[in-house]
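K.L.:
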Amino acid sequence: MDLKKLTARKIRGLIERGEASAVEICRAFQDRIREQDSEVQAFLHYDNDFALKQAERIDRMKRAGEPLPELAGLPMAIKDNLLIRGLRCTCGSRNLENFVAPYNATVIDRLASAGAVFLGKANLDEYAMGSSTENSAFQPTRNPHSRDHVPGGSSGGSAAAVGAHMAVAALGTDTGGSIRQPASFCGVVGMKPTYSRVSRYGLVAFGSSLDQIGPLAHGVEDVAGILKVISGKDPLDATSLAVDVPDYAGGLGQPIEGLKIGIPREYRQSGVSEPVRTRIEAGLKLFQDLGCRLIEVDLPHTDYAIATYYVIAMAEASSNLARYDGVRYGLRIPGQGDLSSMYRETRDAGFGAEVKRRIMLGTFVLSSGYYDAYYLKAQQVRTLIKRDFEAAFQQVDLLISPTSPTPPFRLGEKTNDPLAMYLSDIFTITANLVGIPGISLPCGRTPEGMPVGIQLLGKHFDEQVVLKAAHAFEQAGGFDP
Amino acid sequence: MKIDGARVDYIANLAQLAVTEEEKQELIGQMNSILNYVEQLNQLDTSGIEPTAQVVHTSEQNYSWRADRSRSGFSQAQSLDNGPATGSGHFKVPKVISEK
Chain A
1 MDLKKLTARK IRGLIERGEA SAVEICRAFQ DRIREQDSEV QAFLHYDNDF ALKQAERIDR
61 MKRAGEPLPE LAGLPMAIKD NLLIRGLRCT CGSRNLENFV APYNATVIDR LASAGAVFLG
121 KANLDEYAMG SSTENSAFQP TRNPHSRDHV PGGSSGGSAA AVGAHMAVAA LGTDTGGSIR
181 QPASFCGVVG MKPTYSRVSR YGLVAFGSSL DQIGPLAHGV EDVAGILKVI SGKDPLDATS
241 LAVDVPDYAG GLGQPIEGLK IGIPREYRQS GVSEPVRTRI EAGLKLFQDL GCRLIEVDLP
301 HTDYAIATYY VIAMAEASSN LARYDGVRYG LRIPGQGDLS SMYRETRDAG FGAEVKRRIM
361 LGTFVLSSGY YDAYYLKAQQ VRTLIKRDFE AAFQQVDLLI SPTSPTPPFR LGEKTNDPLA
421 MYLSDIFTIT ANLVGIPGIS LPCGRTPEGM PVGIQLLGKH FDEQVVLKAA HAFEQAGGFD
481 P
Chain B
1 MKIDGARVDY IANLAQLAVT EEEKQELIGQ MNSILNYVEQ LNQLDTSGIE PTAQVVHTSE
61 QNYSWRADRS RSGFSQAQSL DNGPATGSGH FKVPKVISEK
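Quick mapping for you: the protein sequence lines, in order, are chains A and B.
Count the first sequence with the numbering used here and you get residues 1 to 481, in order.
Count the second sequence with the numbering used here and you get residues 1 to 100, in order.
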């Protein structure tokens, strides 16, 4: 069994035809994790018996002659900020090192019903705050294509697990590019759905107006299949919407001739490195060859996106992370015997430097006398950025850009300069501010062999068009990393 | 400079964070650098622009209604399972009201 060639459809077929059992497939990936993960360090923890039990259930269904669900036996890595009942959920933080999830996230319930097998919990920047997975309190994850380079972040563990073929697919979360940028760095496909497309129930909150859960895999078809399973209204998340969920995978394979793809003029000026630019130009040419019309569009407030994003994300984070007070769950340091010192010492010991920095900045921009100047201002500029995209989508069906302005950087390269780390998110964060869907696709490699990703953004709830174009590109491109 | 030592202390107090002297010096530099960057937003005239707090729920059809019925939740034991200090069916915390 060549693990590198497996897809959800192939795995289901193998099990259905009796050529392999779900347990055999699960064990093969567990062996692979044992071989590979001491170097890649994509997983924070895993429970092999738990995964095997899920696989056994699929094999029992097969033996009983029951129809197999759509993702039967699919081995997945799950980002460790999503709750799986009975397993720890650490968020990459000392604070939640021993927290055991008391319930399943809705996405986990839905994937389990669809037959997926959860191999383990994937590493992340603490509370999903970061772009390199170096902010994990437990371990840095390495890029599967070069151990000296970061896998991107914050879903770096999920992307590296898929990139190193330790899982066929994964779930990540994307608050400002945290699925798409690591997908790009690790040479896999990653998608952030429309805000409110996927229930956030059971996702540990970071930026509640920005967070979205999404799939990572080697091909667009698997991303489409998983997205269908996890999408849709959930009574447990009032922000999830009852919008029809199409059969995304069934909609793939159609010609994309005549599709209008916008190239934001401003993105060409935003410090794109030469090896990335070369690959993206080749990608644009391929879309043209597929019959798409490339049209230059304007997103005039692009320069303000990072500042807007960080004010809003930090404000929301400081509010969401107020819950870690050492009372109901998580770490507790007793302090000097009074409540206030218990809070302070607990939070001091539990949070890493980046999380503290964001809580401090978020608290500042929400504090009396500064709210209007920073937080309200950022919310108003968010409106201007949203209008830019609405105007652009009057002219085009999709927008295209690099996923990241640079190829993967080295471990330690940006850890001392938080602002430099933030600036690497320029192409991804606007999709979160505007709430639109986006995908990152492999688009070849740099001369040094590092993966480059190309990003497509679509209109609200227009995942189908994004996936269709991505699939046509993938099938025509031969840009496999 | 927006952020000095006193401002760091004030914000740390609001955020219930303990900050060492060394962390304070580092935070002063980093917070000022990030806030200076953020201040480019002031180049834009936003008078009369509505703030955006969320992006998708813009019409009444997107409101989330449900029947107001009681639903079962966690048992007391489940709720207390992750508590760092519990007893007699409660979370234990240090004394809140002092004698003074």
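Where is the CB? At the ideal position from N, CA and C, for every residue including glycine.
Rounded to whole angstroms, what is the Cα-Cα separation between residue 481/A and residue 187/A?
P.N.:
Caution applies to residue 481/A, whose pLDDT of 49 falls short of 50 and renders its modelled position unreliable; the value that the coordinates give is listed next. Looking at the two C-alpha atoms, the distance is approximately 6 Å.
K.L.:
Inspect the beta-carbon positions of residue 382/A and residue 308/A and report whether they are closer than 7 Å.
P.N.:
Taking 7 Å as the Cβ cut-off, residue 382/A and residue 308/A qualify as a contacting pair.
K.L.:
Taking residue 126/A as the reference, which of 183/A, 86/A, 350/A has the closest Cα?
P.N.:
Here the closest residue by C-alpha is 350/A.
K.L.:
Secondary structure at residue 481/A, three-state DSSP: helix, strand or coil?
P.N.:
Its pLDDT being 49, under 50, residue 481/A is placed unreliably by the model, and nothing is read from it.
K.L.:
Mind checking which residues open and close the beta strand (DSSP E) that includes residue 296/A?
P.N.:
293-297 is the span of the beta strand (DSSP E), which, as asked, contains residue 296/A.
K.L.:
Considering Cα atoms alone, identify which of 105/A, 67/A, 332/A is closest to residue 17/A.
P.N.:
Considering only alpha carbons, the answer is 67/A.
K.L.:
For the segment 452-474 of chain A, which residues have a beta carbon sitting closer than 9 Å to at least one beta carbon of chain B?
P.N.:
Within the segment 452-474 of chain A, the qualifying residues are 460, 461.
K.L.:
Closer than 7 Å, Cβ to Cβ, to anything on chain A: give me those residues from the segment 41-53 of chain B, in chain order.
P.N.:
Within the segment 41-53 of chain B, the qualifying residues are 41, 44, 46, 49, 50, 51, 52, 53.
K.L.:
Assuming residue 77/A and residue 157/A form a contact by the criterion Cβ under 8 Å, report the distance between their Cβ atoms to the nearest whole angstrom.
P.N.:
Right, the Cβ-Cβ distance comes to about 7 Å (below 8 Å), so this counts as a contact.
K.L.:
Are the C-beta of residue 99/A and some C-beta of chain B separated by less than 7 Å?
P.N.:
Closer than 7 Å: yes.
K.L.:
Name the residues in the segment 337-369 of chain A whose C-beta lies less than 7 Å from a C-beta of chain B; which are they?
P.N.:
Under the 7 Å Cβ criterion, the segment 337-369 of chain A contributes 337, 338, 339, 342, 343, 344, 345, 347, 348, 356, 357, 359, 360, 361, 363, 364, 367.
K.L.:
Using a Cβ-Cβ cut-off of 7 Å, state whether residue 69/B counts as contacting chain A.
P.N.:
Residue 69/B does not count as touching chain A.
K.L.:
Using 7 Å as the limit for Cβ to Cβ distance, is residue 481/A near chain B?
P.N.:
Low per-residue confidence applies at residue 481/A: pLDDT is 49, beneath 50, and the placement is therefore not dependable, though the value from the model is reported in the following sentence. So, not an interface residue.
K.L.:
What residues of chain B sit near residue 328/A, judged by a beta carbon separation below 9 Å?
P.N.:
Simply 79, 80, 82, 83, 84, 91.
K.L.:
Please identify the residue among 98/A, 25/A, 35/A whose C-alpha is closest to the C-alpha of residue 329/A.
P.N.:
Answer by Cα proximity: 98/A.
K.L.:
With distance defined between alpha-carbon atoms, name the residue in 9/A, 340/A, 178/A, 269/A nearest to residue 153/A.
P.N.:
Comparing Cα-Cα distances from residue 153/A to each of 9/A, 340/A, 178/A, 269/A, the minimum goes to 178/A.
K.L.:
Would you mind working out which of 53/A, 115/A, 33/A, 433/A sits nearest residue 311/A, comparing C-alpha positions?
P.N.:
Nearest C-alpha to residue 311/A: 433/A.
K.L.:
How close, in whole Å, do the beta carbons of residue 440/A and residue 403/A come, if the pair is a contact with beta carbons under 8 Å?
P.N.:
Indeed, because the Cβ distance is near 4 Å, the residues count as touching under 8 Å.
K.L.:
Would you call the segment 420-436 of chain A in contact with the segment 141-148 of chain A, where contact means no fewer than 3 C-beta pairs closer than 8 Å?
P.N.:
With the cut-off at 8 Å, the segment 420-436 of chain A and the segment 141-148 of chain A do not touch.
K.L.:
Using a cut-off of 8 Å between C-beta atoms, extract the partners of residue 308/A located in chain B.
P.N.:
In chain order: 41.
K.L.:
Who are the Cβ neighbours of residue 301/A in its own chain at under 6 Å, not counting the five residues just before and after it?
P.N.:
Closer than 6 Å at Cβ, skipping near neighbours: 384, 385, 388.
K.L.:
Looking at the strands, I want to know which residues DSSP matches up with residue 198/A.
P.N.:
Answer is 231/A, bridged to residue 198/A.
K.L.:
Looking at residue 189/A and residue 217/A, is the spacing between their C-beta atoms short of 7 Å?
P.N.:
For residue 217/A and residue 189/A, yes; Cβs fall inside 7 Å.
K.L.:
Measure the alpha-carbon distance for residue 431/A versus residue 64/A and round it to whole angstroms.
P.N.:
Rounded to the nearest angstrom, the two C-alpha atoms are 45 Å apart.
K.L.:
What residues of chain B sit near residue 434/A, judged by a beta carbon separation below 8 Å?
P.N.:
Those are 55, listed as they occur along chain B.
K.L.:
Using a Cβ cut-off of 9 Å, pull out every chain A residue sitting near residue 95/B, in sequence order please.
P.N.:
By Cβ distance, chain A contributes 337, 338, 339.
K.L.:
Determine the chain B residues that contact residue 377/A at a beta-carbon separation under 7 Å, and present them in chain order.
P.N.:
Near residue 377/A (Cβ distances below 7 Å), the residues of chain B are 41, 46.
K.L.:
Determine which residues of the segment 385-407 of chain A have a Cβ less than 7 Å from any Cβ of chain B, and write them out in chain order.
P.N.:
Residues passing the 7 Å Cβ filter: 386.
K.L.:
Could you pull out every residue in the same chain whose Cβ sits closer than 6 Å to the Cβ of residue 378/A, ignoring the five residues on either side in sequence?
P.N.:
Hits under 6 Å: 308, 311, 312.
K.L.:
Locate the alpha helix (DSSP H) running through residue 37/A, then write down its first and last residues.
P.N.:
22-40 is the span of the alpha helix (DSSP H), which, as asked, contains residue 37/A.
K.L.:
Go to residue 445/A, then tell me how far its beta strand (DSSP E) extends in each direction, as first and last residue.
P.N.:
Start and end: 438-445.
K.L.:
Is there a Cβ of chain B sitting closer than 7 Å to that of residue 430/A, yes or no?
P.N.:
No - not a single Cβ of chain B is within 7 Å of the one on residue 430/A.
K.L.:
Are the beta-carbon atoms of residue 419/A and residue 37/B separated by less than 7 Å?
P.N.:
For residue 419/A and residue 37/B, yes; Cβs fall inside 7 Å.
K.L.:
Which chain B residues sit within Cβ distance under 7 Å of residue 195/A?
P.N.:
Near residue 195/A (Cβ distances below 7 Å), the residues of chain B are 55, 56.
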